[in-house]
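Enquirer:
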Amino acid sequence: MESETSMATELEMEIASENKENQSFVAVYDCYFDQVNRYLRYRVKDTLDADDLTAQVFSKAFEHFDNCRNRERVGAWIFRIAHNTYVDFLRKRKEHLPLDDQYGQYDNRWIQSQTKQPEEQALAREEIAELRSCLEQLPQEQRDVLLLRYFGELQYRQIADILGKKTATVKTMGFRALQKLRSLWEKKKEGGWPG
Amino acid sequence: MTDDKKQDKVVYLLEDAEDKLERDPEIFNLLKVMRKMREEVPVNQQLKEKLRRHFINKQAGASRVESGKPIIMVHTPFQAEAGKKEKRMQLFQWLFFLIPFLVVIGGIFYFLSEEGEQQPPDQSFYREERQLFYDGLSTKGFSAAVSSEGKIYFINRGSLWQMDYNGQQVKEVLAPQLGQVFRQVALAPAGSHLAVVTEAGGKSNLSLLDFKDLKPEHLHQSQSGEVFQGPAWSPDGGWLAFALISDQGKREVYKIAVNGANPKPEPELITQGSHPTWSPDGSLLAIERYNHGSGQAEIWLVREDGTGEVFWGLGSEPQWSNQDTLAFALERRWEKVLVYNSAGEPLLVADERVQEIWIADLAGIVKVNLTHLPGPTPEEEVRLLREWQEKGAGEKVVWKLRAQVADSNPSWSPNGSFLIVERNSASYSTMLWVKAGGLR
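Residue numbers (my numbering), protein chains in the order written: chain P, 1 to 195; chain V, 1 to 440.
#1: So for V:L362, helix, strand or coil by DSSP?
#2: Could you tell me whether the Cβ of P:N67 comes closer than 8 Å to any Cβ of chain V?
#3: Using three-state DSSP, classify V:G230 as helix, strand or coil.
#4: Suppose the cutoff is 7 Å on Cβ atoms and the five residues either side in sequence are ignored; what does the same chain contact list for V:H218 look like?
#5: On the three-state DSSP scale, how would you describe V:L206?
#6: Is it a yes or a no for the segment 384-391 of chain V touching the segment 354-363 of chain V, going by three-plus beta-carbon pairs under 8 Å?
#7: Taking V:A188 as the reference, which of V:L439, V:L178, V:L240 and V:V41 has the closest Cα?
#8: For P:C134, count neighbouring C-beta atoms within 10 Å of its own C-beta (all shown protein chains included) and say buried if the count is 16 or more, exposed if not.
#9: Across the segment 33-52 of chain V and the segment 43-54 of chain P, are there enough close Cβ pairs to call them in contact, namely three or more that are closer than 8 Å?
#10: Would the segment 142-155 of chain V count as touching the segment 418-437 of chain V if we require 3 or more Cβ pairs under 8 Å?
#11: Using a beta-carbon distance below 8 Å, is V:F28 in contact with chain P?
#12: Helix, strand or coil for V:T307 per DSSP?
#13: According to DSSP, simplified to helix, strand and coil, what is V:P276?
#14: I want to know whether the segment 268-285 of chain V touches the segment 314-329 of chain V - three or more CB-CB distances under 8 Å.
#15: Of the residues P:F65, P:K165 and P:R38, which one's Cα is nearest the Cα of P:A27?
#16: P:K188 and P:E130 look like a contact to me (Cβ under 8 Å); what is the Cβ gap, rounded to whole Å?
#17: Is the beta carbon of P:R149 sitting closer than 8 Å to the one on P:I159?
#18: Please name the residues in the segment 24-39 of chain P whose beta-carbon is closer than 8 Å to at least one beta-carbon of chain V, in chain order.
#19: Would you say V:G202 and V:G230 are within 8 Å of each other, going by their C-beta atoms?
#20: Terminal residues of the continuous beta strand (DSSP E) containing V:K435?
#21: According to a CB-to-CB cut-off of less than 8 Å, which residues of the segment 24-53 of chain V neighbour chain P?
#22: Please classify V:L244: does DSSP put it in a helix, a strand, or coil?
#23: Mind pulling the chain V residues with CB within less than 7 Å of P:W185?
#24: Under 7 Å Cβ-Cβ, which residues of chain B neighbour P:F62?
#25: Does P:I81 come within less than 8 Å of chain V when only Cβ atoms are used?
#26: List the whole-angstrom C-beta distance separating V:D361 from V:L301, where the pair is believed to meet the contact cut-off of C-beta under 8 Å.
#27: Measuring straight from C-alpha to C-alpha, what distance separates P:A61 and V:E39?
#28: Along the chain, where does the alpha helix (DSSP H) containing V:K36 start, and where does it finish?
#29: How is the alpha helix (DSSP H) around V:G341 delimited, first residue to last?
#30: Helix or strand or just coil, what does DSSP make of P:Y42?
#31: Considering only the beta carbon of each residue, do V:L348 and V:W399 sit closer than 8 Å?
#32: To which residues does DSSP link V:K171 through a beta bridge?
#33: Interface residues of chain V around P:E141 at Cβ under 9 Å?
#34: Taking the alpha-carbon of V:V310 as reference, which of V:E288, V:L432 and V:I105 has the nearest alpha-carbon?
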């Protein structure tokens, strides 16, 4: 067991040294796993499915990593795989793109998993539920842009790469999505949003 | 303003607008909640670690495979030079085997392409025929010969006739003497003489006719019961080949010198067969033979001295053009199923053999059917069906039909551009002008 660990450490060190000159896959993996996993966990109603999809995304990325010539855009490339994998998953499951009612339960689970006071948890749950509800009302493309931007933590240039659109178009979509989200948010507040 | 600049401006304005929008307190709160929501979504750290280890192992395996590639260790300049020399030698050895191999492969491809070019008939060629002469008595055996001046000499009802190549100016040239009939005619290459076969008193005579006075010059006479057939001039005009058909059906090809000598030379036996025709260079003869085993007519090539016989192909009445093309008559089978049973098997089959005129290159690779006769007519089919039903319409019947017409006796024009062909039926005989071509 010891030898295994030391060997793994050695390899990690080798890869780390390689990273300086040539970006290794593990370095990319380290950089983007959290973002991809969060993005998919948010978008897919079942966390187990989301984790499966995350594994699929990085397996695909590992397989085709040599074909990714533009390493400067590797983030967009990984997210394009993630987005396509997610779309394929929905197609296979025949799910609808709009978020469904079950999200509330998953939100609860996430929040319960954190070490928070019950009052804070309840407040967060309500805010998040309202935000989800607003996001659900956005057109699919605008929702994609917003989720990739604020959940995937990507630049508009990267989102444009993923969605196969011009950066200006994606920016316009993001701008309009935010405006619409604000108006929806205000309506919610007027209707009794506890905020 | 270029498109790029326009786009930059749009992006700048949007960024500016977004900044302003994000500074909006409502949006700020909204984004704060969204950030909170993102942070609330936990990352599966266990999966992350597990996958990480997996990829590290896989990547290490891949690099081990890469490092397993053979490496030529070169340490010194001498070894480096030796390594290069060895590589050059290896390359030379490869080329030594590769070049002859490529030459052979190239040769095969060239041969195949040459052959392939010859195989498909000329697509632009279309069949064309015109009737030149019609005889309602169906006398058969026109034995036409075409002169370079466009005159066609032929036998009609025992006399020697001529007409223009377009069927005009038809007239009798020479009537036979009493008790004599003209059977066949062949025009000398120089166009000055006609070789004619006449029959009188049960014997065949081979004679020459000079166009100047149309006075026959006797060459050879057969025994009683024997028939001369198909005189053919050698290209230099020095020989006449002809077939002698005995009363027992034996067929032999002879040649006789045409040199004006007196006494006349005796014919020389060349080989078995009939319908001789000379090659353009005069070294070979094509002849017809009947294969009793298969029941089919065959064309053979033989040297003019009778040696080196080679089977050429199926067909009869060969005629060799000065373009080295063979015209010949060939039987083609028409088989048409008129009635099927419930299991899809044929019950009534019309079977008809038609004889048509074909041409082919000397290699026999490309063959073109020039006259293409139709098979059973609709009337014949109806008649067959009616008779078959009257007989009970039971078991499978293959009904052999006699062809209504048959084409025969092709004769080349001097330049090889057309053929004069005979078409015979039970009630008439016609002479046709048939366009030749389609081989290239």
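Quick reminder that beta carbons are idealized off the backbone N, C-alpha and C, glycines included.
Expert: Checking against the coordinates, here is how it stands:
#1: Stepping through the second sequence from its first residue, residue 362 of chain V is reached at position 362. Looking at V:L362 - three-state DSSP - the assignment turns out to be coil, as it is neither helix nor strand.
#2: If you number the first sequence from 1, residue 67 of chain P lands on position 67. With 8 Å as the cut-off, P:N67 does not count as an interface residue toward chain V.
#3: Locating residue 230 of chain V in the second sequence gives position 230, counting from the first residue. Strand at V:G230.
#4: Taking the first residue of the second sequence as position 1, residue 218 of chain V is located at position 218. N205 and S207, listed in sequence order.
#5: Residue mapping note: residue 206 of chain V aligns to position 206 of the second sequence, counting from 1. In this structure, V:L206 counts as strand in the three-state DSSP scheme.
#6: Judged by Cβ distances under 8 Å, the segment 384-391 of chain V makes no contact with the segment 354-363 of chain V, as fewer than three pairs qualify.
#7: Residue 188 of chain V sits at position 188 when you count from the first residue of the second sequence. The residue with the shortest Cα to Cα distance from V:A188 is V:L240.
#8: Along the first sequence, read from residue 1 onward, the residue named residue 134 of chain P stands at position 134. Looking at its Cβ environment, which holds 16 or more other Cβ atoms inside 10 Å, P:C134 is buried.
#9: yes
#10: Short answer: they touch.
#11: Position 28 of the second sequence holds residue 28 of chain V. False, the Cβ-Cβ gap to chain P never drops below 8 Å.
#12: Position 307 of the second sequence, counted from the first residue, corresponds to residue 307 of chain V. If DSSP states are grouped into helix, strand and coil, V:T307 belongs with coil.
#13: As a working note, residue 276 of chain V is residue 276 in the second sequence. If DSSP states are grouped into helix, strand and coil, V:P276 belongs with the strands.
#14: Yes, they touch.
#15: Reading the first sequence from its first residue, position 27 is the one you call residue 27 of chain P. Residue P:F65 is the option with its Cα nearest to P:A27.
#16: The sequence position of residue 188 of chain P within the first sequence is 188, counting from 1. The sequence position of residue 130 of chain P within the first sequence is 130, counting from 1. P:K188 to P:E130, Cβ: 5 Å. Contact.
#17: Your numbering for residue 149 of chain P matches position 149 in the first sequence. Your numbering for residue 159 of chain P matches position 159 in the first sequence. Cβ atoms of P:R149 and P:I159: closer than 8 Å.
#18: S24, F25, V26, Y29, D30, F33, D34, N37 and R38
#19: Locating residue 202 of chain V in the second sequence gives position 202, where the first residue counts as 1. Locating residue 230 of chain V in the second sequence gives position 230, where the first residue counts as 1. The answer is no: Cβ separation not under 8 Å.
#20: Residue numbering aside, residue 435 of chain V sits at position 435 when the second sequence is read from its first letter. S429 to K435 is the span of the beta strand (DSSP E), which, as asked, contains V:K435.
#21: D24, E26, I27, N29, L30, L31, V33, M34, R35, K36, M37, R38, E40, V41, P42, V43, N44, L47, K48, L51, R52 and R53
#22: In the second sequence, residue 244 of chain V corresponds to position 244, counting from 1. It is a strand residue.
#23: The count along the first sequence starts at 1 and reaches residue 185 of chain P at position 185. Residues of chain V passing the Cβ test: E26 and L30.
#24: Absent from the structure is chain B; the protein chains it does hold are P and V.
#25: Residue 81 of chain P sits at position 81 when you count from the first residue of the first sequence. It does not: the Cβ of P:I81 has no partner Cβ on chain V nearer than 8 Å.
#26: Reading the second sequence from its first residue, position 361 is the one you call residue 361 of chain V. Reading the second sequence from its first residue, position 301 is the one you call residue 301 of chain V. Rounded, the Cβ-Cβ distance is 13 Å, inconsistent with contact.
#27: Taking the first residue of the first sequence as 1, we reach residue 61 of chain P at position 61. Taking the first residue of the second sequence as 1, we reach residue 39 of chain V at position 39. Their backbone Cα atoms lie some 25 Å apart in a straight line.
#28: Here residue 36 of chain V refers to the residue found at position 36 of the second sequence. Residues P25 to E40.
#29: Reading the second sequence from its first residue, position 341 is the one you call residue 341 of chain V. The question names Gly, but residue 341 of chain V in the sequence shown is Asn. No alpha helix (DSSP H) contains V:N341, which DSSP labels as neither H nor E.
#30: Position 42 of the first sequence, counted from the start, is the residue given in the question as residue 42 of chain P. In the structure shown, P:Y42 sits in a helix (DSSP, three-state: H, G or I).
#31: As a position in the second sequence, residue 348 of chain V is number 348, starting the count at 1. As a position in the second sequence, residue 399 of chain V is number 399, starting the count at 1. Yes, these two residues count as a Cβ contact at 8 Å.
#32: If you number the second sequence from 1, residue 171 of chain V lands on position 171. Beta-bridge pairing by DSSP links V:K171 to V:Q162.
#33: Position 141 of the first sequence, counting from 1, holds the residue named residue 141 of chain P. Per Cβ cutoff of 9 Å: no residues; P:E141 is ~16 Å from chain V at best.
#34: Looking up residue 310 of chain V in the second sequence gives position 310. Comparing Cα positions, the closest option is V:E288.
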